[in-house]
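Remarks on the structure that follows.
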Amino acid sequence: MALTHEKAFVIPLLMVLVTLASHQATSRTLDVDFIAQKHEQWIAQHGRTYLDSAEKERRFQIFKKNYDYIEKFNSAGNNTYKLGTNAFSDLTNEEFLASHTGLKMPPNPRLSNITASYDTYDNPTEVADSIDWREKGAVSKIKDQGSCGCCWAFSAVAAMEGIIQIKTNMLLDLSEQQLVDCVADNHGCNGGFMDTAFEYIKQNGGLAAELNYPYQEQDGTCDQHKATDKTGQITGFQDVTRNDEQALQIAVSQQPVSVIIAAGGDFMNYGGGIFQGYCGDSLNHAVTIVGYGNENGMDYWLIKNSWGQTWGENGYMKILRGSSNTTSRTLDVDFIAQKHEQWIAQHGRTYLDSAEKERRFQIFKKNYDYIEKFNSAGNNTYKLGTNAFSDLTNEEFLASHTGLKMPPNPRLSNITASYDTYDNPTEVADSIDWREKGAVSKIKDQGSCGCCWAFSAVAAMEGIIQIKTNMLLDLSEQQLVDCVADNHGCNGGFMDTAFEYIKQNGGLAAELNYPYQEQDGTCDQHKATDKTGQITGFQDVTRNDEQALQIAVSQQPVSVIIAAGGDFMNYGGGIFQGYCGDSLNHAVTIVGYGNENGMDYWLIKNSWGQTWGENGYMKILRGSSNSEGQCGIATYPSFPTAQYKS
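Put into structure tokens, the structure is as follows:
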């Protein structure tokens with residue numbers, strides 16, 4: 001009956017409601033004050049300065065979002081690793097990765113004209129069960145690449161320092177800046193590859209000491225005089241067999257090894273333990289493996305990073321080391337190849353040629369492996385699964401299947417929204433599912449047209465019309481794609497702009513009369529004269545207020561925007577509270593809310609077809625400690641209004 005679970009008399013119930021609302025408001029204020037204090041401490045610790053108060057406020061909001069996510073992740077427990085604040089905690093993940101990675105490989109890195117050979121350590125006499133090259137004096141201090149994207153240089157130098165110490169018992173401190181400035185076939189602070197760096201060092205006859213060619217954290221012109229310093233020398237380099245952790249273990253048992261990794265997801269906030277979380281889909285960073293071992297029954301690689309000592313375990317990371325059994329790997333590949341063929345048949349997928357099929361299989365395998373690993377870990381409130389998108393990378397998927405594009409100031413524009421019709425409802429249900437009340441049409445599929453905004457707006461409109469008339473219409477998304485001039489069709493848009501168009505046009509056509517084409521088209525003015533569905537306007541719900549959002553959803557379906565990165569593509573069911581990404585990039589419709597196994601959730605209708613999620617729907621955490629809600633769901637809610645004569 002109300003926002004409390006009490007079923008007592010009316011007067012005590014109202015008192016509980018007022019008390020609860022007051023408590024929530026107070027605790028939210030305390031949270032903000034507490035995190036503001038944490039931010040000030042962080043600023044002092046890291047010597048951070050901001051241009052002005054506006055920049056400081058913007059950075060505080062990012063810091064708060066990161067802090068909330070870290071606290072929520074760590075308090076969930078049952079993880080093999082933890083997260084923590086560090087020098088990067090006022091950056092978004094996108095900002096961080098853009099400035100602090102820097103891998104850029106040649107198109108065919110092992111078919112180039114550089115002179116690598118393979119696997120000196122093919123048949124060692126013995127391979128240690130564990131090794132830590134730090135304990136043997138072969139690892140120099142943790143360094144910090146800063147905002148220069150030259151991880152490749154730090155990775156190469158760390159591996160070189162290691163082998164020289166092993167051979168000479170002297171631990172040198174060598175120059176990354178020389179590589180940034182002088183390796184013509186790399187791109188300095190804009191990225192590079194370690195093999196190219198090793199080839200330069202060999203051809204140059206050596207590498208200068210850090211003292212003689214110090215790091216500047218920016219591109220520079222190659223100083224040929226400083227480059228005559230040959231403090232560190234190598235005879236060449238070796239490539240380890242690809243995709244073979246047993247071969248990699250053999251190599252690391254003999255010396256530190258340069259590797260490339262995908263460093264998205266939780267990497268920025270990693271604080272310790274054995275990492276086996278979401279990494280992203282792009283190989284974008286270079287590090288150096290300086291050991292391996294086993295902790296609490298779990299095998300790991302020990303990597304040296306170049307993000308300073310505040311990150312990770314004093315600059316280091318343990319990352320899951322998997323099975324290296326060749327037979328089981330072959331069986332796994334055959335098994336997943338069979339799964340891929342079944343998936344192709346199920347989804348009617350075709351490929352241009354065998355090369356494209358192989359590339360898509362490798363992506364499918366990566367997704368399948370990740371899904372299996374995630375689900376087998378257990379202790380999650382949601383599961384992942386294959387669907388129609390399982391041969392796409394996350395980046396490909398999000399580029400083609402989202403499509404939110406907001407105006408610069410979405411609630412300061414010239415469109416005519418007002419606020420919160422439902423400010424003071426007489427009662428608010430504890431749970432609601434508008435599907436059960438006949439107010440939700442079938443799951444639709446936007447395909448590869450980035451017009452989620454149109455599907456979100458139409459679903460909310462279909463809902464309120466059914467509530468007012470008891471008729472569930474099927475309305476046209478294509479009309480919005482073609483005709484809403486202030487949006488961008490398949491290149492993105494915003495629901496409020498769509499609602500304004502529908503109001504000004506006097507209605508929206510039926511799907512049957514203006515069918516979906518999955519592409520941009522010219523507005524068909526004749527079809528647009530069909531006014532099958534009509535609204536009187538729309539309302540914006542108070543931002544960042546899940547209680548106000550619950551009140552609105554208790555009355556009708558509501559359009560919302562969300563961050564739909566991370567595990568979204570592979571979501572298969574349960575209450576999602578995982579990593580969402582940092583960008584508000586997608587629009588959906590909330591069609592209910594409830595509680596499952598003691599956890600509150602929002603029920604959202606998506607536009608990715610019935611193979612995704614729970615037959616096209618998703619449950620997502622309700623009542624997040626972040627005021628924006630899980631994945632930003634409470635950031636910009638809105639709903640259409642309608643008046644029909646009875």
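Numbered per the UniProt record's numbering, the sequence shown spans residues 1 to 646. Glycine included, every Cβ here is placed at the ideal spot set by N, Cα and C. None of the values given here were measured: they were computed from a predicted structure.
Worksheet item: Do the region 231-248 and the region 75-92 touch if we need at least three Cβ pairs shorter than 8 angstroms?
Response: No contact exists between the region 231-248 and the region 75-92.
Worksheet item: What whole-angstrom Cβ distance do Leu-172 and Gly-236 have, given they're in contact under 8 angstroms?
Response: Contact between Leu-172 and Gly-236 does not hold, since their C-beta atoms are separated by about 18 angstroms, which reaches or exceeds 8 angstroms.
Discussion item. Using a Cβ distance threshold of 8 angstroms, determine whether the region 431-450 contacts the region 606-619, with at least three qualifying pairs required.
Written reply: Enough Cβ pairs lie closer than 8 angstroms, so yes.
Item to complete: For Phe-60, count neighbouring C-beta atoms within 10 Å of its own C-beta (all shown protein chains included) and say buried if the count is 16 or more, exposed if not.
Response: Flag for Phe-60 reads buried.
Practice prompt. Leaving aside the five residues before and after residue 674 along the sequence, list all residues of the same chain whose C-beta is less than 6 angstroms from its C-beta, in chain order.
Written response: With the chain represented from 1 up to 646, any question about residue 674 goes unanswered, as that position is not in the structure.
Worksheet entry | Identity of the residue in Glu-477, Ala-159, Glu-500, Asp-524 nearest Asp-486 by Cα | Closest by alpha carbon: Glu-500.
Practice prompt. Indicate the three-state DSSP secondary structure (helix, strand or coil) for Asn-296 in the structure shown.
Written response: DSSP places Asn-296 in coil when its eight states are reduced to three.
Practice prompt. Output the boundary residues of the alpha helix (DSSP H) element that contains Asn-74.
Written response: From DSSP, the alpha helix (DSSP H) with Asn-74 extends over 53-76.
Discussion item. To the nearest angstrom, how far is the alpha carbon of Gly-149 from that of Leu-392?
Written reply: A straight line joining the alpha-carbon of Gly-149 with that of Leu-392 spans about 27 angstroms.
Worksheet item: For Lys-304, which beta-bridge partners are listed by DSSP?
Response: According to DSSP, which records beta bridges pairwise, Lys-304 is partnered with Thr-288, Tyr-316.
Worksheet item: Does DSSP put Lys-619 in a helix, a strand or coil?
Response: Note: Lys-619 maps to strand in three-state DSSP.
Fill in: Supposed close pair Ala-509, Asp-530 - CB separation, criterion 8 angstroms
Between Asp-530 and Ala-509 the Cβ distance is about 4 angstroms, and since that is below 8 angstroms, they are a contact.
Worksheet item: Start and end of the alpha helix (DSSP H) containing Trp-152?
Response: It spans 151-168 - the alpha helix (DSSP H) in which Trp-152 sits, taken as one unbroken run.
Discussion item. Let me make sure I understand the geometry here. Which of Val-591, Ala-76, Asp-582, Trp-133 has the alpha-carbon closest to that of Gly-378?
Written reply: The shortest C-alpha separation from Gly-378 is found at Ala-76.
Worksheet item: Between the beta-carbon of Trp-343 and the beta-carbon of Ser-390, is there less than 8 angstroms?
Response: Taking 8 angstroms as the cut-off, the beta carbon of Trp-343 is found closer than this to the beta carbon of Ser-390.
Worksheet item: Per DSSP, Thr-641 is paired with what?
Response: Looking at the DSSP assignment, Thr-641 forms a beta bridge with Gly-537.
Worksheet item: Can the beta-carbon of Lys-318 be found less than 8 angstroms from the beta-carbon of Phe-275?
Response: It is a contact, given that the beta carbons lie within the stated cut-off.
Fill in: Best match in Asn-544, Phe-538, Phe-198 for proximity to Gln-465 [C-alpha to C-alpha]
The sequence given here has Ile at residue 465, not Gln. Per the Cα distances, Phe-538.
Discussion item. Give me the residue from Asn-93, Gln-254, Arg-58 with the minimum Cα distance to Glu-126.
Written reply: For Glu-126, the nearest C-alpha among the options comes from Gln-254.
Worksheet item: On the three-state DSSP scale, how would you describe Gly-273?
Response: Reduced to three states, the DSSP call for Gly-273 is strand.
Worksheet item: Are Asp-635 and Ile-535 closer than 8 angstroms when you measure CB to CB?
Response: A small correction: the amino acid at residue 635 is Thr; Asp does not occupy that position in the sequence shown. Contact: no.
Worksheet entry | Beta-carbon gap between Val-183 and Gly-191 smaller than 8 angstroms | No, the Cβ-Cβ distance between Val-183 and Gly-191 is not below 8 angstroms.
Item to complete: Mind reading off the beta-carbon distance from Glu-477 to Ala-454? Whole number of angstroms is fine, and I expect it under 8 angstroms.
Response: At roughly 4 angstroms, the Cβ-Cβ gap stays under 8 angstroms, so Glu-477 and Ala-454 are in contact.
Worksheet item: Between Leu-331 and the rest of its own chain, which residues show a CB-CB distance below 8 angstroms, the 5 nearest in sequence each way excluded?
Response: With a pLDDT of 39 at Leu-331, under the threshold of 50, the modelled position of that residue is not reliable, and no figure is offered here.
Worksheet item: Terminal residues of the continuous alpha helix (DSSP H) containing Glu-596?
Response: Not the alpha helix (DSSP H): Glu-596 falls in the beta strand (DSSP E), residues 586-596.
Worksheet item: Hey, how far is the Cα of Tyr-419 from the Cα of Gln-555?
Response: With a pLDDT of 49 at Tyr-419, under the threshold of 50, the predicted position of this residue should be treated as unreliable, and no value is reported.
Discussion item. On a Cα-Cα basis, can you pick out the residue from Ala-153, Lys-437, Asn-585, Pro-515 that is closest to Gly-592?
Written reply: Nearest option by C-alpha distance: Lys-437.
Worksheet entry | Same chain only: Cβ atoms within 6 angstroms of Tyr-118, ignoring 5 sequence neighbours per side | Note that Tyr-118 scores 49 on pLDDT, short of 50, meaning its location in the model is unreliable; the coordinates nonetheless yield the value given after this. Correct list, in chain order: Asp-239.
Worksheet item: Where does Trp-602 sit, in a helix, a strand or coil, going by DSSP?
Response: Here Trp-602 sits in strand by DSSP.
Worksheet item: Do Ile-164 and Lys-202 have their C-beta atoms closer together than 8 angstroms?
Response: Contact flag unset, no.
Practice prompt. Can you give me the start and stop residues for the alpha helix (DSSP H) that Lys-444 sits inside?
Written response: Careful: Lys-444 lies outside any alpha helix (DSSP H) and carries neither H nor E.
Practice prompt. Starting from Tyr-571, trace the beta strand (DSSP E) both ways and give me its first and last residue.
Written response: Bounds of the beta strand (DSSP E) holding Tyr-571 are 571-576.
Fill in: Sequence-distant residues of its chain with Cβ nearer than 8 angstroms to Asn-212 (five each side left out)
Only residues of its own chain outside the window of five on either side were considered, and among them Ser-175, Lys-226, Asp-229, Thr-231 have a CB closer than 8 angstroms to the CB of Asn-212, listed in chain order.
Worksheet entry | Helix, strand or coil at Ala-21 [DSSP, three-state] | Any answer about Ala-21 is weak, because its pLDDT of 40 lies below 50 and its placement is not dependable; what the coordinates show is given next. For Ala-21, the secondary structure class from DSSP, reduced to helix, strand or coil, is helix.
Practice prompt. Express the C-alpha separation of Tyr-200 and Ile-620 in angstroms, rounding to a whole number.
Written response: Straight-line Cα distance between these residues: approximately 51 angstroms.
Worksheet item: By a C-beta neighbour count over all protein chains shown, 10 Å radius and 16 as the cutoff for buried, is Met-406 buried or exposed?
Response: Buried: at least 16 other Cβ atoms inside 10 Å.
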